[in-house]
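Numbering (the numbering used here), first residue to last: 335 to 738.
As structure tokens, then:
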């Protein structure tokens, strides 16, 4: 889902060097103490033992021992080398005030880490062990989020980012680098699942030509990353009067993407900013939108897309790679939708959006079909659809949009 890009461009240009603080200084000192202890043990030919918190054992409160034997090229030796490198890179990034991405670390040291997941787990484990969140290590996930519209983002280093400039969108900065966000004319915020939809609305200047007034366009190009989730929560906290909506495919991935934006991904470590966003609501695509669209395009057109192939032989398609705008749910889709329903049942929340999400998943499973955002163009026009539904919600000035 993530896309390859220069990992330093976003952070160094958009956020600049982060100012040092007493907390950062204390963290640097702890890292130096750990590294000095390891070097001393190696020099004295002692066995190296580092108490590390494992993310997998977090809920049980267990701590696992990463032990290093002096057998050349053993697995434990590789593990220690990897940990030392992560420590060193994080230390240097904190000292210099720069930001690294986990993807950058992996691609610069592929032979040592072998898999991206190894880097991810070590960064999480180091953050847990040091009692900080991942961002405090100055190591973040690859930036995916883009924003475009009438807002000005003021950073702590004095930089001002005008998100209405350019024609490709502005990379979303880290929340901890943001001082304030000015958006005096913004009437709505639309978060899109797909980069293609984002660019289509951007190219037509929908953000300023909509009959609903000027608005903000946001995308994380699929599933939301922590940076985008935190930014949207920050916007809601700073400007709760601006309604925020998600536009995603009517398929298991699309609905799960909305779940992540609204309720968080559930993959946070202790100390990381909460991403539950009570201000974000689901605009569509929903089941009744499909019924309305079928009245326009007719059953023959729908049959062409959804029934031209035996459902059991169709290639499994997801929210990010669907070729036909309408299709049958695959076995993978059904399994995934049921898994999302289970995760919803685990949430302890009295929330209208949660009830709507659960109901829509159940209807989807019963109907056995799914639809992409682009299907709205087949059924009419996406821009007209957005004007109609955004306008209805904004004019009604309601808390939920369960009826749309």
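Even glycine gets a Cβ: it sits at the ideal position worked out from N, Cα and C.
Pull up the distance between the alpha-carbon of residue i and that of residue j, whole angstroms please.
i: residue 574; j: residue 372; result: 49 Å
i: residue 436; j: residue 478; result: 13 Å
i: residue 665; j: residue 703; result: 12 Å
i: residue 694; j: residue 616; result: 11 Å
i: residue 488; j: residue 513; result: 5 Å
i: residue 449; j: residue 423; result: 18 Å
i: residue 637; j: residue 660; result: Residue placement at residue 637 is flagged as unreliable, the pLDDT there being 41, under the threshold of 50; a coordinate-derived value is accordingly withheld.
i: residue 496; j: residue 419; result: 37 Å
i: residue 451; j: residue 378; result: 33 Å
i: residue 411; j: residue 559; result: 32 Å
i: residue 643; j: residue 540; result: Any reading at residue 643 is ruled out, since the residue's pLDDT is 39, under 50, leaving its predicted position unreliable.
i: residue 667; j: residue 697; result: 13 Å
i: residue 588; j: residue 364; result: 42 Å
i: residue 516; j: residue 542; result: 17 Å
i: residue 480; j: residue 506; result: 5 Å
i: residue 375; j: residue 381; result: 7 Å
i: residue 554; j: residue 594; result: 12 Å
i: residue 455; j: residue 526; result: 29 Å
i: residue 417; j: residue 465; result: 16 Å
i: residue 613; j: residue 384; result: 43 Å
Would you grab the beta carbon distance between residue i and residue j for me? Rounded to a whole angstrom, and I think it's under 8 Å.
i: residue 561; j: residue 475; result: 7 Å
i: residue 504; j: residue 532; result: In fact, because the Cβ distance is near 12 Å, the residues do not count as touching under 8 Å.
i: residue 469; j: residue 508; result: 6 Å
i: residue 721; j: residue 546; result: 6 Å
i: residue 524; j: residue 551; result: 6 Å
i: residue 428; j: residue 358; result: 6 Å
i: residue 671; j: residue 699; result: 6 Å
i: residue 421; j: residue 368; result: 7 Å
i: residue 498; j: residue 484; result: 5 Å
i: residue 596; j: residue 687; result: 6 Å
Taking the alpha helix (DSSP H) that residue i belongs to, which residues open and close that run?
i: residue 665; result: 665-680
i: residue 729; result: 716-730
i: residue 594; result: 586-597
i: residue 488; result: Where residue 488 is concerned, there is no enclosing alpha helix (DSSP H), although the beta strand (DSSP E) it sits in stretches over 486-489.
i: residue 372; result: 356-377
i: residue 480; result: Note, residue 480: premise wrong, no alpha helix (DSSP H); beta strand (DSSP E) at 480-482.
i: residue 523; result: Unbroken run through residue 523 is the beta strand (DSSP E), 522-526; no alpha helix (DSSP H).
Closer than 7 Å by C-beta to residue i: which residues in its own chain qualify, once you throw out the five before and the five after it? Chain order, please.
i: residue 620; result: 584, 694
i: residue 592; result: 580, 582, 616, 691
i: residue 471; result: 424, 457, 460, 461
Leaving aside the five residues before and after residue i along the sequence, list all residues of the same chain whose C-beta is less than 6 Å from its C-beta, in chain order.
i: residue 563; result: 609
i: residue 718; result: none
i: residue 577; result: 522
i: residue 728; result: 546
Grab the span of the beta strand (DSSP E) containing residue i for me, first residue to last.
i: residue 496; result: 494-496
i: residue 704; result: 703-705
i: residue 510; result: Premise fails: residue 510 is in no beta strand (DSSP E) and is neither H nor E.
i: residue 662; result: 660-662
i: residue 615; result: 614-618
i: residue 459; result: Counting along the chain, residue 459 falls outside any beta strand (DSSP E), though it belongs to the alpha helix (DSSP H) covering 450-464.
i: residue 439; result: Residue 439 -> not in any beta strand (DSSP E); alpha helix (DSSP H) instead, spanning 436-442.
i: residue 499; result: No beta strand (DSSP E) contains residue 499, which DSSP labels as neither H nor E.
Closest by CA to residue i, which one among the options?
i: residue 434; options: 465, 419, 473, 458; result: 473
i: residue 567; options: 543, 510, 528; result: 510
i: residue 705; options: 624, 723, 697, 485; result: 624
i: residue 723; options: 622, 662, 676; result: 622
i: residue 556; options: 578, 494, 529, 538; result: 529
i: residue 599; options: 674, 431, 463, 707; result: 674
i: residue 676; options: 586, 614, 663; result: 586
i: residue 501; options: 444, 534, 453; result: 534
Ordered along the chain, which non-local residues of its own chain (more than five positions away) have a Cβ less than 8 Å from that of residue i?
i: residue 362; result: 425, 428, 429
i: residue 446; result: 412, 415, 416, 419
Would you please verify whether the beta carbon of residue i is less than 7 Å from any beta carbon of chain B?
i: residue 576; result: In the structure shown, chain B does not exist; there is a single protein chain.
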